[in-house]
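Student: There's a structure below that I have some questions on.
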Amino acid sequence: MPALGSQRRLLGSLNCTPPATLPFTLAPNRTGPQCLEVSIPDGLFLSLGLVSLVENVLVVAAIAKNRNLHSPMYYFICCLAVSDLLVSVSNVLETAVMLLLEAGVLATQAAVVQQLDNVIDVLICGSMVSSLCFLGAIAVDRYISIFYALRYHSVVTLPRAWRIIAAIWVASILTSLLFITYYNHKVILLCLVGLFIAMLALMAVLYVHMLARACQHARGIARLQKRQRPIHQGFGLKGAATLTILLGVFFLCWGPFFLHLSLIVLCPQHPTCGCIFKNFNLFLALIICNTIVDPLIYAFRSQELRKMLQEVLQCSW
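Quick note: the sequence shown uses our numbering, first residue 525, plus one each step.
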């Protein structure tokens, strides 16, 4: 895939404008208004990638070590951690290679660099798609566990979970290969945007329904205890706050990147869209931030997993 401009080579064809030289600058636009441009230093990419790497390795190690966590729900969380891990590893690798090339420490042929760029792009694109899919799978798993609690273990079996996991990984690899091969086709970009919208809608519908059921259950308990107002309000506010954080983080971290893809299809030559294209590195950094937040939302809230993490850390020291 050709790397256009001096932006990061990851999905380089999606952006053809040079980065800003200052953290916040108004870059002049010859065909339109001035643009607010955010420059992300390579050191920040490395730092975010390493933090994500450590967090997600701990999640995978804790789930793999504790047999009590060998269930479909934790396998989905583990696969999400692996996907986030691949995002961070590939970004750290890409940043390191770019820095070595710029410093002249790593000297190699252009063809080799191009192949390495394609491999990293496939890795990152596939891990992004798998992250989205596993976020949706976790939402479905939690929905079934609440609304079909008595049938949960017969519906979400280990063989069925493994088939779902395998299908997601295969689909992610195929999607990334198609994207890298046909990155200049608008249909491919629209499919990726459609995947994001579908996952956002799925998570919103399922989690809102789960929150409504939980509030209904809280009202029933309140009626029995004759303390309807305090319990219902407190639980409702807490549940709404949790839902807002969960969906808000997902939308804020992933939304700008897929907005970028949408604008490439809708207005690739418009000056205003060009201003947005200049912040591609910022959108990528937000996705890496999401790989840091995911363990905090989906993994570290489990008391048993937190205990296992403490054991893993104690053993490592």
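Idealized CB from N, CA, C, for every residue including glycine.
Here's the rule I'm using: 16 or more other beta-carbon atoms within 10 Å means buried, otherwise exposed. How should Ile816 be labelled?
Tutor: Locating residue 816 in the sequence shown gives position 292, where the first residue counts as 1. Buried, by the Cβ-count rule.
Student: Residues in its own chain within less than 7 Å of Ser700 by CB, not counting five upstream and five downstream?
Tutor: Stepping through the sequence shown from its first residue, residue 700 is reached at position 176. So the list reads Val646, Cys649, Gly650, Val653, once near-sequence residues are dropped.
Student: So, Leu810 versus Phe781, is the Cβ gap smaller than 9 Å?
Tutor: Position 286 of the sequence shown, counted from the first residue, corresponds to residue 810. Position 257 of the sequence shown, counted from the first residue, corresponds to residue 781. It is a contact, given that the beta carbons lie within the stated cut-off.
Student: Would you say the stretch 586-602 touches the stretch 674-685, given that touching needs at least three Cβ pairs under 8 Å?
Tutor: Touching, yes.
Student: Check this for me: beta carbons of Leu572 and Ile662, under 9 Å apart or not?
Tutor: Here residue 572 refers to the residue found at position 48 when the sequence shown is read from its first residue. Here residue 662 refers to the residue found at position 138 when the sequence shown is read from its first residue. Not a contact, by the Cβ cut-off of 9 Å.
Student: Distance check for Gly772 and Phe801, CA to CA, integer angstroms please.
Tutor: For the purposes of this step, residue 801 is identified with residue 277 of the sequence shown, where counting begins at 1. For the purposes of this step, residue 772 is identified with residue 248 of the sequence shown, where counting begins at 1. About 23 Å.
Student: In three-state DSSP terms, what is Val562?
Tutor: Here the question's residue 562 lines up with position 38 in the sequence shown. Of the three classes helix, strand and coil, the one that applies to Val562 here is strand, per DSSP.
Student: Can you check which of these residues, Asp818, Ala823, Ile670, Asn803, is closest to Ile564 by C-alpha distance?
Tutor: Within the sequence shown, the letter at position 40 stands for residue 564. Checked all of Asp818, Ala823, Ile670, Asn803; the closest Cα to Ile564 is Asn803.
Student: Would you grab the beta carbon distance between Leu656 and Phe720 for me? Rounded to a whole angstrom, and I think it's under 8 Å.
Tutor: For this step, residue 656 is matched to residue 132 along the sequence shown. For this step, residue 720 is matched to residue 196 along the sequence shown. Yes, Leu656 and Phe720 are in contact; Cβ-Cβ is about 7 Å, under 8 Å.
Student: Determine the DSSP secondary structure at Val680, reduced to helix, strand or coil.
Tutor: Here residue 680 refers to the residue found at position 156 when the sequence shown is read from its first residue. DSSP places Val680 in coil when its eight states are reduced to three.
Student: Let me know if Leu674 comes out buried or exposed under the rule of 16 or more other beta-carbons within 10 Å of its beta-carbon.
Tutor: Here residue 674 refers to the residue found at position 150 of the sequence shown. Answer is exposed; the Cβ neighbour count stays below 16.
Student: Is Tyr598 helix, strand or coil by DSSP?
Tutor: Position 74 of the sequence shown, counted from the start, is the residue given in the question as residue 598. If DSSP states are grouped into helix, strand and coil, Tyr598 belongs with the helices.
Student: DSSP state of Asn855, grouped into three classes?
Tutor: Because residue 855 is not part of the residues shown, which for the chain are 525 to 841, the question remains open.
Student: In three-state DSSP terms, what is Ala615?
Tutor: For this step, residue 615 is matched to residue 91 along the sequence shown. According to the sequence provided, residue 615 is Asn. The question's Ala does not apply to it. The answer is helix: DSSP assigns Asn615 an H, G or I state.
Student: Which same chain residues, not among the five before or five after Asp665, have their C-beta less than 7 Å away from its C-beta?
Tutor: Working through the sequence shown from its first residue, we reach residue 665 at position 141. Cβ within range, chain order: Pro596, Met597, Phe600, Val680.
Student: Kindly indicate which residue of Leu808, Leu748, Val584 has the alpha-carbon position closest to the one of Phe824.
Tutor: Against the sequence shown, residue 824 aligns to sequence position 300. Phe824 has its Cα closest to that of Val584, out of Leu808, Leu748, Val584.
Student: Which runs of the alpha helix (DSSP H), 4 residues or longer, sit entirely within the stretch 649-718?
Tutor: Runs found: 676-679, 682-705.
Student: Quick check on this structure: which residue in Trp778, Ser786, Arg830 has the alpha carbon closest to the alpha carbon of Asp608?
Tutor: Here residue 608 is taken as the residue at index 84 of the sequence shown, counted from 1. For the residues Trp778, Ser786, Arg830, the minimum Cα distance to Asp608 belongs to Trp778.
Student: Go through its chain and collect everything with a Cβ distance to Met832's Cβ below 6 Å, but skip five positions before and after it.
Tutor: Taking the first residue of the sequence shown as 1, we reach residue 832 at position 308. Taken in chain order, the residues that qualify are Ala586, Asn590.
Student: Measure from the alpha carbon of Phe569 to the alpha carbon of each residue in Ile668, Asn580, Val613, Ala588, then state which is nearest.
Tutor: On the sequence shown, residue 569 is found 45 positions in, with the first residue counted as 1. The candidate whose alpha carbon is nearest that of Phe569 is Val613.
Student: Against chain D, with Cβ distances strictly below 9 Å, would Ala823 count as a contact?
Tutor: This model lacks chain D altogether, as it is built from one protein chain only.
Student: From Pro819 to Lys710, what does the alpha carbon distance come to, in whole angstroms?
Tutor: Here residue 819 corresponds to residue number 295 of the sequence shown, with the count starting at 1. Here residue 710 corresponds to residue number 186 of the sequence shown, with the count starting at 1. Computed Cα separation, rounded: 33 Å.
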